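All remarks here apply to the structure that follows.
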Amino acid sequence: MDSAQTTQSSVSAGEAVGRSKGEKVMTTGYFRHWEQKEDTVDNEKGRDLRRSQYTEFVNEYASIWSARQLGESFHFCRYPRGPENKGKATVRHEHYLAHMMGLRPGMRVLDVGCGVRKATELANADGMAKTVEFVKGDFMDIPFAGNEFDAAYAIEATVHAPSLEKVYEQVFRVLKPGAVFGVFEWVLTDDFSPSDPSHQAIRSGIERGNGIPSLQTKAVAREVLKSAGFEVLATEDLAERRDALPWWYPISGDLLVIRNTEWGRVGVKLLVRLLETVRYAPKGTLKTTEEFIGAADSLIVGGKEGLFTPMYLMVGRKPVV
Numbered sequence: 001m002d003s004a005q006t007t008q009s010s011v012s013a014g015e016a017v018g019r020s021k022g023e024k025v026m027t028t029g030y031f032r033h034w035e036q037k038e039d040t041v042d043n044e045k046g047r048d049l050r051r052s053q054y055t056e057f058v059n060e061y062a063s064i065w066s067a068r069q070l071g072e073s074f075h076f077c078r079y080p081r082g083p084e085n086k087g088k089a090t091v092r093h094e095h096y097l098a099h100m101m102g103l104r105p106g107m108r109v110l111d112v113g114c115g116v117r118k119a120t121e122l123a124n125a126d127g128m129a130k131t132v133e134f135v136k137g138d139f140m141d142i143p144f145a146g147n148e149f150d151a152a153y154a155i156e157a158t159v160h161a162p163s164l165e166k167v168y169e170q171v172f173r174v175l176k177p178g179a180v181f182g183v184f185e186w187v188l189t190d191d192f193s194p195s196d197p198s199h200q201a202i203r204s205g206i207e208r209g210n211g212i213p214s215l216q217t218k219a220v221a222r223e224v225l226k227s228a229g230f231e232v233l234a235t236e237d238l239a240e241r242r243d244a245l246p247w248w249y250p251i252s253g254d255l256l257v258i259r260n261t262e263w264g265r266v267g268v269k270l271l272v273r274l275l276e277t278v279r280y281a282p283k284g285t286l287k288t289t290e291e292f293i294g295a296a297d298s299l300i301v302g303g304k305e306g307l308f309t310p311m312y313l314m315v316g317r318k319p320v321v
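Each residue of the sequence shown is one higher than the one before, counting from 1 in the UniProt record's numbering.
Have a look at this one:
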């Protein structure tokens, strides 16, 4: 893929902000979407409200993370070889998607939700600025003409859309006939029960801490890929493979990732509280930290109980008319 001609598009998001400003945006902007009327927070009325506020909702979430150094890729991956460098495991995960899609050098490929600022920095650092183009836009209205790309992919990005069907329809529109779309989607598994309060709490925790208007199920994701017009070539939940380590191990304390152990998290909170008290960190940083710890807990429990996966692979082809 190194020599492939690639054009990338990003979810609509504000330009990068400084760390302090990013923290302030988190506490004063993003969390207000959950601090409205209590009877609409964790039910479909609340999700409908967040869908209607999609642009500002996702922009505020993206602004938080644009203030942090997240490495080359910000997503989960498999660990079939046991403990190893996350960068290597992530590259293997990405290459598997490329393999399943049949990507080849010379193809014009769209990355749906790449993150413009970070991607531009990395392309420049790797000497690839002349082979890629980054376009800031909204993937609910992709700013390209129809039938333009040889392939498209999304890695843990389209979950932030207010409607999976509409974003998949946009991808379908810009692909050439016969072109392939591959995606690693965040979804609830078939074991999720909407009538189980503990399952609902896990879903809400994942949504709240990860900028998700409404987390969908595998069945819904499969169906909307079809309804968008794609022929479904492959589907698989890679989290179900019997790997040496589960996808959630880096954010858990089970294998002595120190900062994520129970005592490590207590230490982090105490440090953040101190930094906020002496005004080195902006007011509200502790709240932000606690919210993200809660989100991580929901991801871990969802993974352990088999209720959630961040790597539901789907590959579809736009039919040749």
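Glycine included, every Cβ here is placed at the ideal spot set by N, Cα and C. The model shown is predicted, which means the values in this text are computed figures rather than measured ones.
- A Cβ-Cβ separation of about 6 angstroms places Arg78 in contact with Leu238 under the 8 angstroms criterion.
- Per DSSP, the continuous beta strand (DSSP E) segment holding Thr309 begins and ends at Phe308 to Arg317.
- Cβ neighbours of Phe181 within its own chain (closer than 6 angstroms, five residues either side excluded): Ala152, Val171 and Gly316.
- For Val320, same chain residues with a beta-carbon under 6 angstroms away, outside a window of 5 residues either side, are Pro177 and Gly178 in chain order.
- Note on geometry: alpha-carbon atoms of Asp196 and Ile300 lie some 18 angstroms from one another.
- Note that the C-beta distance between Val272 and Thr285 is below 8 angstroms.
- Our two residues, Ala119 and Phe134, have alpha carbons roughly 8 angstroms apart in a direct line.
- If you draw a straight line from the Cα of Val220 to the Cα of Leu307, it comes to about 15 angstroms.
- According to DSSP, residue pairing for Tyr249 in a beta bridge does not occur.
- The C-beta distance from Ser227 to Glu290 rounds to 39 angstroms, too long to fall under 8 angstroms, and the pair is not in contact.
- Excluding the 5 residues flanking it on each side, Gly82 has same chain C-beta neighbours closer than 7 angstroms at Ala244 and Leu245, in chain order.
- For Ile142, there is no enclosing alpha helix (DSSP H), as DSSP gives it neither H nor E.
- The beta carbons of Val224 and Tyr168 sit closer together than 8 angstroms.
- Secondary structure of Val112 (DSSP, three-state): strand.
- Inter-residue distance for Ala145 and Val174 is about 6 angstroms (C-alpha atoms, whole angstroms).
- For Glu94, no pairing in a beta bridge is given by DSSP.
- In the DSSP assignment, Phe149 falls within the beta strand (DSSP E) that extends over Phe149 to Ile155.
- Apart from the 5 residues on each side of it in sequence, His199 sits with its Cβ closer than 7 angstroms to the Cβ of Phe192, Ser193 and Leu307 in its chain, given in chain order.
- Bounds of the alpha helix (DSSP H) holding Phe172 are Leu164 to Val174.
- For Leu188 against Thr217, the beta-carbon gap comes to about 5 angstroms, under 8 angstroms, which counts as contact.
- Under the three-state reduction of DSSP, Glu290 is assigned to helix.
- When DSSP reads this structure, Tyr79 sits in a beta bridge with Leu245.
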